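Undergrad:
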Amino acid sequence: MAVSKLLSNSTIKLFQVNNALAVCARSLSTSQVRFSERERIEKKFVLPQRYAGTGESVWNEYAQLAADYKPINLGQGFPDFPPPKYIMQTLSEVSGGENYMIHQYTRGYGHPRLVSALAKLYTKMLGREINPNTEVITTTGAYEALFCAIMGHVDIGDEVILIEPFFDCCEPIVQYAGGKTRCIPLRMREVQGRIPTSADWVLDKKELEGLFNEKTKVIVLNSPNNPLGKVFTEEEMTHIADLCKKWNVLCISDEVYEWLVYKPKKHIRMASLPGMWDRTITIGSAGKTFSITGWKTGWAYSPENLMVNLQMVHQNSTYTGITPIQESIAIAFEKELDRFDSDDCYFKSLMRELESKRDYLAEILADVGMRPVIPDGGYFILADWTPLASKIDLSKEKDQYMDFRFTKWMTKNVGLQGIPSSVFFGEKNKAIGENFVRYCFTKRDEVLKEVSKVLQKWKSQQS
Ligand code: PMP
Ligand code: GLN
Numbered sequence: 001m002a003v004s005k006l007l008s009n010s011t012i013k014l015f016q017v018n019n020a021l022a023v024c025a026r027s028l029s030t031s032q033v034r035f036s037e038r039e040r041i042e043k044k045f046v047l048p049q050r051y052a053g054t055g056e057s058v059w060n061e062y063a064q065l066a067a068d069y070k071p072i073n074l075g076q077g078f079p080d081f082p083p084p085k086y087i088m089q090t091l092s093e094v095s096g097g098e099n100y101m102i103h104q105y106t107r108g109y110g111h112p113r114l115v116s117a118l119a120k121l122y123t124k125m126l127g128r129e130i131n132p133n134t135e136v137i138t139t140t141g142a143y144e145a146l147f148c149a150i151m152g153h154v155d156i157g158d159e160v161i162l163i164e165p166f167f168d169c170c171e172p173i174v175q176y177a178g179g180k181t182r183c184i185p186l187r188m189r190e191v192q193g194r195i196p197t198s199a200d201w202v203l204d205k206k207e208l209e210g211l212f213n214e215k216t217k218v219i220v221l222n223s224p225n226n227p228l229g230k231v232f233t234e235e236e237m238t239h240i241a242d243l244c245k246k247w248n249v250l251c252i253s254d255e256v257y258e259w260l261v262y263k264p265k266k267h268i269r270m271a272s273l274p275g276m277w278d279r280t281i282t283i284g285s286a287g288k289t290f291s292i293t294g295w296k297t298g299w300a301y302s303p304e305n306l307m308v309n310l311q312m313v314h315q316n317s318t319y320t321g322i323t324p325i326q327e328s329i330a331i332a333f334e335k336e337l338d339r340f341d342s343d344d345c346y347f348k349s350l351m352r353e354l355e356s357k358r359d360y361l362a363e364i365l366a367d368v369g370m371r372p373v374i375p376d377g378g379y380f381i382l383a384d385w386t387p388l389a390s391k392i393d394l395s396k397e398k399d400q401y402m403d404f405r406f407t408k409w410m411t412k413n414v415g416l417q418g419i420p421s422s423v424f425f426g427e428k429n430k431a432i433g434e435n436f437v438r439y440c441f442t443k444r445d446e447v448l449k450e451v452s453k454v455l456q457k458w459k460s461q462q463s
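Be aware that the sequence shown starts at 1, since it is given in my numbering, and climbs by one per residue.
Below, the structure written as structure tokens:
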């Protein structure tokens, strides 16, 4: 009895140990299986080669930084004041009205009423008849227009000239298309005894000529420029146009800030220069035109044979834009066209308002010891922050580029956010951008006053 009990006890123990070992072994093998399965998945589903090297964009990173630290946000470019009241009313009337079909798909290449309004506007601006159905496309923001224009025209091995500083997404899109970027920087001329302006940043003509060759397919021009605010002169644009004609090159002309040009400068449309309509795709944005970046609607216009390529990319990606949004933007253009020559036209009144904001921000940046570059267009201002370098300790920030460290430090310690300018330069010329921070001035006056206060307070702590 005693023996049998002992035996059964030890059998039970043995059984328990065995069981425990089995459970252990099973869980080990499950976690091994899980681990190798994860590895297997991770290995296979890496970012495809054509996107290799693409990291998180500055817009996503800095929007998060702003959410985390809640600085005064002069980083990402968007107005913080209401758009024209009539536009908001139009959208609510359009979407809440009797015409419920406005909530369904519209024409893929562009809502009929919007392409008509755009064709009418640019026919007037260029003095040539633009066909709304074959020469205009509407897109999900100017971003998609840039995407369609580059993907639709750049083939593997093609070269694309980018003028630095360039709007950052152009570089990766060229890579996705299999093209190769050739960058050329605008360089700041020495100026004595006055604050520099964006017009002091110029291209070296010979350097530009040296970039064109048989492989060159496209040059991207952005005037007025983001982030610099340079408005290219007729002479500068004619030089670029002559090279395009000589080398049979397409110009993708990003003119999203076309209405934001400060006097006495004038916006020149590349497509309006002699011989350039045939080789130019021009891009615009309702976000900039009407202070409605969240409506995410842009467009492109060009001759039909160039437009077909954009249509091919668009039809199999987003296919079509948002109907009530496009209808409302069309109505807005119709209204502005009716009062185009009046001072009340939004294109003019916005420009007037922004000009005084620009001057105010430039003054407060200079006052704190930065060196602003006064922009002739757009709603961003570049400022050389390096005169402040000796007053701050950036050692806690670990980014590769100094402008990233500075802008992050400012966000966390002073409560003001800007955008590091090296993102607008290719690898070789990051050093030019590293000295500058970009601030957006399409903000309410009280916010800009708050910037002044914050900077003054910081300045007083230095001395
Ligand atoms: N091009 C430039 C120069 C821009 O600054 C921007 C964004 N602000 C875009 C294109 C994209 O515009 P959207 O917001 O209409 O997509
Ligand atoms: N174009 C705007 C800018 O330059 C916004 C860009 C973005 O948020 N992706 O700030």
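Beta carbons: idealized from backbone N, C-alpha and C, even for Gly.
Treat the numbers as computed from the prediction; the structure is a model and nothing was measured.
1) Any Cβ of chain C within less than 8 Å of the Cβ of Arg279?
2) Can you give me the start and stop residues for the alpha helix (DSSP H) that Asn99 sits inside?
3) Using DSSP with H/G/I as helix, E/B as strand and the rest coil, what is Ala300?
4) Which full runs of the alpha helix (DSSP H) of 4+ residues lie inside the stretch 92-163, going along the chain?
5) Would you check if the distance between the CB atom of Pro375 and the CB atom of Arg358 is smaller than 8 Å?
6) Determine the extent of the alpha helix (DSSP H) in which Ile432 is found, giving its start and end residues.
7) So the beta strand (DSSP E) Ile184 belongs to, where does it begin and stop?
8) Give, in chain order, every unbroken run of the beta strand (DSSP E) that is at least 3 residues long and sits entirely within the stretch 323-389.
9) Around the C-beta of Gly75, are 16 or more other C-beta atoms found within 10 angstroms, so that it is buried, or is it exposed?
10) Hey, how far is the Cα of Lys288 from the Cα of Tyr301?
11) Starting from Val58, trace the beta strand (DSSP E) in both directions and tell me its first and last residue.
12) Give me the Cα-Cα distance between Val451 and Arg371, rounded to the nearest whole angstrom.
13) Taking contact to mean at least 3 C-beta pairs separated by less than 8 Å, is the stretch 322-339 in contact with the stretch 238-256?
14) So Trp299 and Ala145 are supposed to be a Cβ contact under 8 Å. How far apart are they, rounded?
15) If you draw a straight line from the C-alpha of Ala271 to the C-alpha of Gln311, how long is it?
16) Starting from Ser452 and walking both ways along the alpha helix (DSSP H), at which residues does that stretch end?
17) For the alpha helix (DSSP H) holding Asp242, just list the boundary residues, first then last.
18) So, with DSSP's three-state summary, where would you put Met188?
19) Are the beta-carbon atoms belonging to Asp254 and Ile292 less than 8 Å from one another?
20) Near the ligand GLN, which residues have their beta-carbon closer than 6 Å to a heavy atom?
21) Just checking, does the stretch 120-139 make contact with the stretch 392-402 on the three C-beta pairs under 8 Å criterion?
22) So which of Gly178, Phe404 and Val256 has the shortest CA-CA distance to Gln417?
23) Determine the closest residue to Tyr360 out of Phe406, Gly433 and Val447, with distance taken between C-alpha atoms.
24) With 16 as the cutoff for other CB atoms within 10 Å, does His464 come out buried or exposed?
25) Beta carbon of Val546, beta carbon of Val218: below 8 Å?
26) Could you give the C-beta distance for Pro165 and Leu228, rounded to a whole number, given that I count them as a contact under 8 Å?
27) With DSSP run on the structure shown, which of helix, strand or coil describes Asn413?
28) From this set, Tyr69, Ile163, Ile195 and Thr320, which residue's C-alpha is nearest Tyr105's C-alpha?
TA: Reading it off the structure:
1) Of the protein chains in the structure, only one exists, and it is not chain C.
2) No alpha helix (DSSP H) holds Asn99; DSSP gives it neither H nor E.
3) Note: Ala300 maps to strand in three-state DSSP.
4) Taking only runs of at least 4 residues, the alpha helix (DSSP H) segments lying wholly in the stretch 92-163 are 112-126 and 141-153.
5) The Cβ atoms of Pro375 and Arg358 lie closer than 8 Å to each other.
6) Start and end: Lys430 to Glu434.
7) It spans Lys180 to Pro185 - the beta strand (DSSP E) in which Ile184 sits, taken as one unbroken run.
8) Correct list: 371-373 and 380-384.
9) Sixteen is the threshold: when 16 or more other Cβ atoms of the shown chains lie within 10 Å of the Cβ of Gly75, as they do, the residue is buried.
10) In a straight line, the C-alpha of Lys288 is about 17 Å away from that of Tyr301.
11) Val58 -> not in any beta strand (DSSP E); alpha helix (DSSP H) instead, spanning Val58 to Tyr69.
12) Whole-angstrom Cα-Cα distance: 16 Å.
13) When C-beta atoms of the stretch 322-339 are compared with those of the stretch 238-256, fewer than three pairs fall below 8 Å, so the two segments do not count as touching.
14) Their Cβ separation, rounded to whole angstroms, is 6 Å, which keeps Trp299 and Ala145 in contact under 8 Å.
15) So the two alpha carbons sit approximately 19 Å from each other.
16) Where Ser452 is concerned, the enclosing alpha helix (DSSP H) stretches over Asp445 to Gln462.
17) If you look at Asp242, you'll find it in the alpha helix (DSSP H) that goes Glu234 to Trp247.
18) In this structure, DSSP gives Met188 an extended state, which the three-state scheme calls strand.
19) Not closer than 8 Å, so no.
20) Per the Cβ criterion, the list is Trp59, Gln76, Gly77 and Asn226.
21) The answer is no - the stretch 392-402 does not touch the stretch 120-139, with fewer than three Cβ pairs under 8 Å.
22) Among Gly178, Phe404 and Val256, the Cα nearest to that of Gln417 is on Phe404.
23) Just measuring C-alpha positions, the residue of Phe406, Gly433 and Val447 sitting nearest Tyr360 is Val447.
24) It is not possible to answer for residue 464, since the shown part of the chain is limited to 1 through 463.
25) Nothing can be reported for residue 546: it is not among the residues displayed for the chain, which extend from 1 to 463.
26) With a Cβ gap of about 6 Å, Pro165 and Leu228 count as contacting.
27) DSSP, reduced to helix, strand and coil, places Asn413 within a helical segment of the structure shown.
28) Among Tyr69, Ile163, Ile195 and Thr320, the Cα nearest to that of Tyr105 belongs to Thr320.
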